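Going line by line, the protein sequences match chains U and W. What the first sequence shows, in our numbering, is residues 1 to 342, in sequence order. What the second sequence shows, in our numbering, is residues 1001 to 1270, in sequence order. Glycine is no exception: its CB is placed at the ideal position from the N, C-alpha and C atoms. Being a predicted model, the structure only gives us computed values, none of them experimental. For reference, the structure is listed below as structure tokens.
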Amino acid sequence: MTKRAVGAKQSNNPQSAIRDPHFSDAAHLRIVFVGHVDHGKSTLIGRILSDTNSLPEGKLEQVQRACAAENMEFEFAFLLDALLEEQEQNITIDTTQIPFKTAKRNYMIIDAPGHKEFLKNMITGASSADAAVLVIAANEGVQEQSKRHAYLLSLLGVRQFCVVVNKMDLADYSEGRFLEIEKKYRAFLKTLNLETNIFIPASARFGENITARSKKMEWHSGPTLAEALDEMTSLAPPTDLPLRLCVQDVYKFDDRRIIAGRIETGTLQVGDELVFSPANKTSMVQSIEHWQPVTSAERSPRAKPETAIAGDSIGITLREQILRVSRRVYRIFTLRAWRLRK
Amino acid sequence: MTTRTHLDRLENQSVFIFREAYHTFKNIAMPWSMCKDSNVLIWLASRAFFGRVPFPVLHIDTTYEFPEMVEFREWATAHYKLNLIVKTNEEARARGIGYETHDPVTVTHELKTVALQQAMGQYKWDALITGIRRDEDPTRAKERYFSRRNAQFEWDYKDQPPEFWGQFATTAAKGEHVRVQPLLDWTEVDIWRYIQRENIPIPKMYFAKNGQRYRSLGCSPITKPITSNAETIDAIIAELETTRTSERAGRAQDHHERNAMQKLRAKGFL
Ligand SMILES: Nc1nc2c(ncn2[C@@H]2O[C@H](COP(=O)(O)OP(=O)(O)O)[C@@H](O)[C@H]2O)c(=O)[nH]1
Ligand SMILES: [Mg+2]
Chain U
1 MTKRAVGAKQ SNNPQSAIRD PHFSDAAHLR IVFVGHVDHG KSTLIGRILS
51 DTNSLPEGKL EQVQRACAAE NMEFEFAFLL DALLEEQEQN ITIDTTQIPF
101 KTAKRNYMII DAPGHKEFLK NMITGASSAD AAVLVIAANE GVQEQSKRHA
151 YLLSLLGVRQ FCVVVNKMDL ADYSEGRFLE IEKKYRAFLK TLNLETNIFI
201 PASARFGENI TARSKKMEWH SGPTLAEALD EMTSLAPPTD LPLRLCVQDV
251 YKFDDRRIIA GRIETGTLQV GDELVFSPAN KTSMVQSIEH WQPVTSAERS
301 PRAKPETAIA GDSIGITLRE QILRVSRRVY RIFTLRAWRL RK
Chain W
1001 MTTRTHLDRL ENQSVFIFRE AYHTFKNIAM PWSMCKDSNV LIWLASRAFF
1051 GRVPFPVLHI DTTYEFPEMV EFREWATAHY KLNLIVKTNE EARARGIGYE
1101 THDPVTVTHE LKTVALQQAM GQYKWDALIT GIRRDEDPTR AKERYFSRRN
1151 AQFEWDYKDQ PPEFWGQFAT TAAKGEHVRV QPLLDWTEVD IWRYIQRENI
1201 PIPKMYFAKN GQRYRSLGCS PITKPITSNA ETIDAIIAEL ETTRTSERAG
1251 RAQDHHERNA MQKLRAKGFL
């Protein structure tokens, strides 16, 4: 656990932790846990949060006490399944997002429900993820939702993932059982054009191969779950594609006529010639508009931007007005990109 | 190519949500408690709408407000040129509802939730912009950016609509309203880093005085300060980096009983 030691050192010297841009301000990896109902997704997350000291002080004890008081067996899943209805039925109803960090970086963990009735909630959680963890219980093996969730991930474009074969304690920590599931699931993933090299045998309940390497499964040479997460990368904004910007609104608060929207792909610069679809009219970017607050002017002045990239919510003015630009129907392209398309 | 930081990504996402809400709903208001999060909301709205907040801000005045907060309210209203509406549940106060005699859940419900309902009845807003964050509470962790509340203010958390790729469920029937929540993805530390980066004005009570400061600000009788020497934002961030106590630990109404927060929120509490 050398990694944890580094993290602890950083927080003893918080000044350096704050100033290190990679630690504090780099993009956070958004990771979703999916798989068949009851295969242990919520338990895995609860275990990771608890084993990395990411829970608020006393939270674990509080949930344990509440369970004892009501004669319920404690479940790590209750750390996430916070709704009374979820705890009574021992099931995740809706998706939850919880921040968490390792020594390497920050994460947003997304727990998704595995029951087919809550598929819309699974999609809500998975759609914003950079990466996924697919959970399969060793005793039950590959089930209907193990397959359906992988299929949905491929549809949503989440291509980075690893597979956890959980509940290995119920399979005597057997390498044979693990390899059997791996082989079967790999073959299925291939039919979806999905691939991963990372299959992890684990037990969420007993904390095997979650943050610490398991002594019961020394035959496993791959990473623990925490190590596998640290190897994943967050998605860069799609700046190398042609510009696409959907008009969100047009503001006329003062004498400026500002076209507001978010750049979906590509980049935009002052002076770019734009095409407005569906009218096929063109105009040039006069300015990228910007609010300069009074209070922060001398302390942290933000220069008026000259360029913007995918993911930026911006407002622009045009050199020649294009009348009746309205929301939604209007898409903006760069002239160059548009010519290429024709 | 210029890169974007985590804070840039959060800011862009929040601005996008503000603009969707402003376009979709004719009649919006933004509750404003003068706490750090709601001041970040005002800042983000100013970014989204180029220096103005184009809808009213609502302060639910429980009459148990800290004087410093009211002072800040007056200053900020003038500074940002806000259209401020102040609402108190006078009827409940007249009935004698108060922290001196009642439990915090009852008082919070009467003086905050019911007061908000009264204001909604009066102004007929179809959307409210809130400053809640997923990291504050496990039930808030399950929220959507656009979340409908029925006429009784109830949240149907068991059957929420799907929400992805910037598509939001924006319809609300008559008498219902939609909560729009641009800060869902932010954490407490994100909020502080952003306040620091942008130099956003906030009430002084967040900073340590005589070894104490407030981490979360609610009504004065039920909000307890924490022991702290953090006099600057840098020091506050450093403190948060090492603490493991939850932010709302000093807010009595959350801890009154198990799942108190879920019960409060199902009944319309923000
Ligand atoms: N034996 C064993 N039980 C587990 C393990 N992980 C989870 N469980 C149990 O499996 C049940 C379902 O877990 P949960 O996390 O709610 O599953 P989810 O539906 O995938 O989120 C719970 O009773 C857990 O205690 C494990 O590694 N070993
Ligand atoms: Mg679950």
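- Within the region 172–244 of chain U, the complete beta strand (DSSP E) runs of at least 3 residues fall at 199–201.
- Within chain U, the C-beta atoms nearer than 8 Å to that of Tyr-1022 (chain W) come from Asp-249, in chain order.
- Under the DSSP definition of a beta bridge, Thr-317 (chain U) partners with U:Ser-287.
- Residues of the region 1122–1155 of chain W whose Cβ lies closer than 7 Å to any Cβ of chain U, in chain order: Arg-1134, Asp-1135, Pro-1138, Thr-1139, Ala-1141 and Lys-1142.
- It is roughly 22 Å from the alpha-carbon of Arg-1095 (chain W) to the alpha-carbon of Gln-1152 (chain W).
- Asp-255 (chain U) counts as exposed, since fewer than 16 other beta carbons sit within 10 angstroms of its beta carbon.
- Residue-level contact check: Asp-94 (chain U) touches chain W, since one or more beta carbons of chain W fall below 9 Å from its beta carbon.
- The beta carbon of His-290 (chain U) sits closer than 9 Å to some beta carbon of chain W.
- The shortest CA-to-CA distance from Trp-1032 (chain W) to any of W:Asn-1229, W:Thr-1227, W:Ile-1202 and W:Glu-1188 is the one to W:Ile-1202.
- One finds nothing in chain U with a Cβ atom closer than 9 Å to the Cβ of Pro-1104 (chain W); even the nearest lies about 18 Å away.
- Residues of chain U whose Cβ lies closer than 8 Å to the Cβ of Pro-1162 (chain W) are, in chain order, Lys-120, Asn-121, Ile-123 and Thr-124.
- Measuring C-alpha to C-alpha distances from Lys-1174 (chain W) to each of W:Thr-1005, W:Asn-1027 and W:Gln-1160 identifies W:Asn-1027 as the nearest.
- In this structure, Ile-1017 (chain W) places its C-beta atom within 9 Å of the C-beta atom of Pro-1182 (chain W).
- Shown here for Val-1086 (chain W): same chain residues with a beta carbon closer than 6 Å to its own, the five before and five after excluded, namely His-1059 and Asp-1061 in chain order.
- When Cβ-Cβ separations below 9 Å define contact, Ser-1046 (chain W) makes contact with chain U.
- Around the beta carbon of Arg-1215 (chain W), a 10 Å sphere encloses 16 or more other beta carbons of the protein chains shown; the residue is thus reported as buried.
- Annotated as distal: Ala-204 (chain U) and Thr-267 (chain U), with beta-carbon spacing of 9 Å or more.
- Contact annotation: Pro-1138 (chain W) and Thr-124 (chain U) have beta-carbon atoms that are not nearer than 9 Å.
- At least one CB atom of chain U sits nearer than 9 Å to the CB of Val-1015 (chain W).
- Only residues of its own chain outside the window of five on either side were considered, and among them Lys-1036, Asp-1037, Val-1040, Arg-1133 and Leu-1183 have a CB closer than 8 Å to the CB of Ile-1191 (chain W), listed in chain order.
- Here Gln-1196 (chain W) has Ile-1233, Asp-1234 and Ile-1237 as same chain residues with Cβ atoms under 8 Å from its own Cβ, once five neighbours each way along the sequence are excluded.
- In the three-state reduction of the DSSP assignment, Gln-292 (chain U) falls in the coil class, being assigned neither a helical nor a strand state.
- In this chain, the alpha helix (DSSP H) harbouring Val-1107 (chain W) covers 1104–1108.
- Looking from the CA of Glu-1188 (chain W), the closest CA among U:Leu-245, U:Ile-198, U:Pro-99 and U:Glu-175 belongs to U:Pro-99.
- At the C-beta level, Val-285 (chain U) and Thr-317 (chain U) come within 9 Å of one another.
- Interface with chain U (9 Å Cβ-Cβ cutoff): Pro-1067 (chain W) is excluded.
- Look at Thr-92 (chain U): its beta carbon is less than 8 Å from one of the heavy atoms in ligand 2.
- Taking CB atoms only, His-1177 (chain W) has no neighbour in chain U less than 9 Å away.
- Between ligand 2 and the CB of Pro-113 (chain U), the shortest heavy atom gap is smaller than 8 Å.
- Between Ala-137 (chain U) and Lys-116 (chain U) the beta-carbon gap is near 16 Å, outside 8 Å, which marks them as no contact.
- With respect to the C-alpha of Asn-139 (chain U), the residue from U:Asp-169, U:His-149, U:Asp-51 and U:Ser-146 having the closest C-alpha is U:Asp-169.
- Less than 9 Å divides the Cβ of Ser-214 (chain U) from the Cβ of Ala-202 (chain U).
- When Cβ-Cβ separations below 9 Å define contact, Ala-212 (chain U) makes no contact with chain W.
- In this structure Gly-1218 (chain W) is buried. Its beta-carbon is surrounded by 16 or more other beta-carbon atoms within 10 angstroms.
- The C-beta of Lys-1112 (chain W) has 16 or more other C-beta atoms within 10 Å across all chains shown, which makes the residue buried.
- Nearest CB-CB separation between Pro-1182 (chain W) and chain U: not below the 9 Å threshold.
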